[in-house]
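Chemist: Protein sequences, first through last, are from chains D and L. Each residue of the first sequence is one higher than the last, beginning at 99 in our numbering. Each residue of the second sequence is one higher than the last, beginning at 105 in our numbering. C-beta: ideal position from N, C-alpha, C; glycine also. I have a structure here, written as C-alpha cells, and I will follow up with some questions on it.
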Amino acid sequence: MPFTIWRRHRKRMPEATREPRTPTSQFTEQRTYVPDVPYLLPKDALEDQRLNYQHHALYKTISNHYLAPLTPASTQTILDVGCGTGIWAVEMSALFPQAHVLGVDVALSSLPRPLPSTCLFVQANILHGLPFPDSQFTYTHQRLLVAAIPGLRWPGVVHELVRVTRPGGWIELLEIGDTIQNAGPATKRLLTWLTDISRELGFEMEVLRHLGNLLTQAGCQEVETLDIPVPLGAWAGTIGQMMKTDVLYGYNALKDSYCPRSHTPPDVFEAMVQAAADEWEQNRCSYVFHAAFGRRAAP
Amino acid sequence: MMSTAPPFLLTREQATRLHGYIQTYRQYALTRLLPSTERNVLLRGLQALQGKLIEALDRPANPLRLVLSRDEVGVLNTMFNGLLTLYGGQAESAERTATINDLAALKLSLKGF
C-alpha cells in the first residue's frame, strides 16, 4: 500500500504503548510511528494486531507461509526482512524446526514471548544494508514492505537480499500492488488518490509489478512470478471477508499519513473507502498481489 | 506422510516436464481458483513435490528416483486430472495433443503406486 512521510501529528513510540490493546477506539486514537525511518504505517498495538491478522489471512489466501519450493533438507537458515511482529518467523520455525530463523526489522517492540530457541531477531534497516556477511541464508523472505522502500531503492534492496543468500538458495518477495480487478469508479478514484500521493513521496507502485525482473537483474535464476488476485469481500467466503477486513484496517492505518498530506478531511477519506468497499462486494473485486521467487545463481 | 511405494523413476526430460506441469498448475490454482481448504492442501502438496523434484534435478543422476508417499501420489493424480481438464478445454492443436498425451502417460506411470 502507498504511504506518505507526513509526520506533523505523529508522536514517538513510548514504552507504554508496547503492551497489547484491544482495537476498540481505532478510529479516534492517535497512532504511534517509528521515528527516523521512511516507514509510513503506524507501529503500535493496533497495527501489530492488524499485521498478525493479515498474516493469517494471507496464509489462507496463498495456501502457505511461503511460495518458494522449499524442502526441509535444503532449508537450514531463514531470513525474514521486515519481520514486523515476528509471527511469520515464529511460524516458519515450527514448519522448519531444524532451521535457524532470523528476523530483521527497524523496531523490535512487537515480538511474541517466549520465542522459540531457533528464532533470533536483529534490529536493522534494509535501506542501510543488512548486517550479515555474504551467502549466509538458504532462504531469504521479504513481504509487504512497499510502505518502507521508496521506488528507486528497490533494485539495491533486492541486490542486498540476494547478497546474503547462499548460491542455490531461494529469495522470495511478496507485495500488494495498485490494481484491483473489477474496480468500479469509487475504487478507481481511491486507488488513483493513493497512488498519486505515494508517487509524490517517492513510493512508486509500478516497480512492484517487476519483482521477478528485479530478482533476475540481481543474479537469480529459475525465477517464477505470480500476480495473485486476492478476493475482497464476503462474496468469496470467509477468506475474502478476512482480506477485505485487513485492507480496510490497512487503509485506516494510512489515514493519518494521507489525509494531512492531501488536505483531505478524514470523513471524506472514510466515505471514499466505504464507497469502494461497497463496490468490492457488488463487483466481486480482487486485489492483485505480486509475488516472485528465484534462486541465487551458483558462482 | 508415509513412503510406501517403490521409487518413481523419471528420465531427466520427464522430470523437467513434470516440474513445468507443477509450475503451471500452481500458477493456475493461485491465480484462477478461489482460495479454499481443498485448494490450499493441494497447493501445499504440489509445492513440497516441486521442491523434492528440484532437489532431484540438482543431482546428476539419470533416471531420477523419487520416493513418493501415498498422499503425494494422490496430489499428483489430482494435478494431472486438473491439467487434463484444462488442456482438454483448449482449442485443438498439435501442441495440445502432445501435452495431453504426455500428461496421460505420466499419470499412467503412477498406476500401481
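Taking 7 Å as the limit between beta carbons, can you name the residues of its chain near D/Ile269, skipping five residues before and five after?
Modeler: So the qualifying residues of the chain are Thr238, Leu259, Val260, Thr263, Leu313, Cys318, Phe391, Gly392, Arg394.
Chemist: Measure from the C-beta of D/Ala171 to each C-beta in chain L and report whether the shortest distance is under 8 Å.
Modeler: Yes, its Cβ sits closer than 8 Å to a Cβ of chain L.
Chemist: List, in order along the chain, the chain L residues whose C-beta lies closer than 9 Å to that of D/Ala143?
Modeler: Within 9 Å Cβ-Cβ: nothing; D/Ala143 doesn't reach chain L, min ~28 Å.
Chemist: Between the beta-carbon of D/Phe367 and the beta-carbon of D/Tyr385, is there less than 8 Å?
Modeler: No; because the gap between Cβ atoms is not below 8 Å, this pair is not in contact.
Chemist: Take the Cβ of D/Phe101 as the centre, count every other Cβ of all protein chains shown within 10 Å, and call the residue buried at 16 or more, exposed below.
Modeler: For D/Phe101, the pLDDT reaches just 30, beneath the cut-off of 50, and the residue's location in the model is therefore unreliable, although a value from the coordinates is still provided. Counting Cβ neighbours within 10 Å, D/Phe101 comes out buried, since at least 16 surround it.
Chemist: Given this structure, state the Cα-to-Cα distance separating D/Ala171 from D/Asn223, to the nearest angstrom.
Modeler: Cα to Cα, the separation comes out at about 30 Å.
Chemist: Please list the partners that D/Asp276 has in chain L, where partner means a Cβ-to-Cβ separation under 7 Å.
Modeler: What D/Asp276 touches in chain L: nothing, since even the nearest Cβ is about 18 Å away.
Chemist: If the criterion is Cβ atoms closer than 8 Å, does the pair D/Pro358 and D/Ala246 meet it?
Modeler: Their beta carbons are not under 8 Å apart, which means D/Pro358 does not touch D/Ala246 by this criterion.
Chemist: Following the continuous beta strand (DSSP E) through D/Thr263, name the residue where it begins and the one where it ends.
Modeler: 263 to 279 is the span of the beta strand (DSSP E), which, as asked, contains D/Thr263.
Chemist: Which bits of chain L does D/Pro327 rub up against, with CB to CB less than 7 Å?
Modeler: Thr135, listed in chain order.
Chemist: Flag D/Ile337 as yes if its beta-carbon sits less than 8 Å from any beta-carbon of chain L, otherwise no.
Modeler: So, interface residue.
Chemist: For L/Arg174, count neighbouring C-beta atoms within 10 Å of its own C-beta (all shown protein chains included) and say buried if the count is 16 or more, exposed if not.
Modeler: By the 10 Å Cβ count, L/Arg174 comes out exposed.
Chemist: Assign L/Thr201 to buried or exposed, taking buried as 16 or more other Cβ atoms, counted over all protein chains shown, within 10 Å of its Cβ.
Modeler: Exposed, since its Cβ has fewer than 16 Cβ neighbours within 10 Å.
Chemist: Compare the C-alpha of D/Leu75 against each of D/Thr323, D/Gly254, D/Met341, D/Leu324 and name the closest.
Modeler: An answer regarding residue 75 of chain D cannot be provided, because it is not within the stretch 99 to 397 covered by chain D.
Chemist: Does the beta carbon of D/Leu324 sit closer than 8 Å to a beta carbon anywhere in chain L?
Modeler: Yes, D/Leu324 lies at the interface with chain L (some Cβ there is under 8 Å from its Cβ).
Chemist: State the DSSP-derived secondary structure class of D/Glu320, mapped to helix, strand or coil.
Modeler: If DSSP states are grouped into helix, strand and coil, D/Glu320 belongs with the strands.
Chemist: Rounded to whole angstroms, what is the Cα-Cα separation between L/Met183 and D/Met190?
Modeler: Rounded to whole angstroms, L/Met183 to D/Met190 spans 26 Å at the Cα level.
Chemist: Beta-carbon of L/Gln194 versus every beta-carbon of chain D: anything under 8 Å?
Modeler: Output row for L/Gln194: interface = no.
Chemist: Closest to L/Ser213 by C-alpha separation, out of L/Glu159, L/Leu134, L/Asn181, L/Leu137, would be which residue?
Modeler: Among L/Glu159, L/Leu134, L/Asn181, L/Leu137, the Cα nearest to that of L/Ser213 is on L/Asn181.
Chemist: Assess, as a yes-or-no matter, whether the stretch 170 to 187 of chain D is touched by the stretch 205 to 215 of chain D under the definition of 3 or more beta carbon pairs within less than 8 Å.
Modeler: The stretch 205 to 215 of chain D is in contact with the stretch 170 to 187 of chain D.
Chemist: Residues in its own chain within less than 6 Å of D/Ala373 by CB, not counting five upstream and five downstream?
Modeler: Taken in chain order, the residues that qualify are Ala284.
Chemist: Mind checking the stretch 161 to 177 of chain L against chain D and listing, in chain order, the residues whose C-beta falls within less than 7 Å of any C-beta there?
Modeler: Hits within the stretch: zero.
Chemist: Would you verify that the beta carbon of D/Pro265 is, or is not, closer than 8 Å to some beta carbon of chain L?
Modeler: Not one chain L Cβ lies under 8 Å of D/Pro265.
Chemist: Tell me whether L/Ile158 sits in a helix, a strand or coil according to DSSP, three-state version.
Modeler: In this structure, L/Ile158 counts as helix in the three-state DSSP scheme.
Chemist: Is it buried or exposed for L/Thr141, if we count other Cβ within 10 angstroms and need 16 for buried?
Modeler: L/Thr141 should be labelled exposed.
Chemist: State the start and end residues of the unbroken beta strand (DSSP E) segment that holds D/Tyr237.
Modeler: First-last of the beta strand (DSSP E) with D/Tyr237: 235 to 241.
Chemist: Tell me whether the beta-carbon of D/Pro265 lies closer than 8 Å to the beta-carbon of D/Pro397.
Modeler: Going by C-beta atoms, D/Pro265 is nearer than 8 Å to D/Pro397.
Chemist: By DSSP's criteria, D/Tyr385 is part of a beta bridge. Which residues make up the other side?
Modeler: Note: D/Tyr385 sits in a beta bridge opposite D/Ile278, D/Val328.
Chemist: Strictly by DSSP, which residues pair up with D/Val202?
Modeler: For D/Val202, which the question treats as bridged, DSSP gives the partners D/Val179, D/Val220.
Chemist: Excluding the five sequence neighbours on either side, which residues of its own chain have a C-beta within less than 8 Å of the C-beta of L/Leu147, listed in chain order?
Modeler: Closer than 8 Å at Cβ, skipping near neighbours: Arg130, Ala133, Leu134.
Chemist: Under a three-way DSSP split, which group does D/Phe194 fall into?
Modeler: DSSP places D/Phe194 in coil when its eight states are reduced to three.
Chemist: Am I right that D/Ala192 and D/Gln174 are in contact with their C-beta atoms under 8 Å? What's the rounded C-beta distance?
Modeler: In fact, because the Cβ distance is near 16 Å, the residues do not count as touching under 8 Å.
Chemist: Let's test the definition: count the other Cβ atoms within 10 Å of the Cβ of D/His154 and tell me whether it reaches 16, buried, or not, exposed.
Modeler: So D/His154 ends up on the exposed side.
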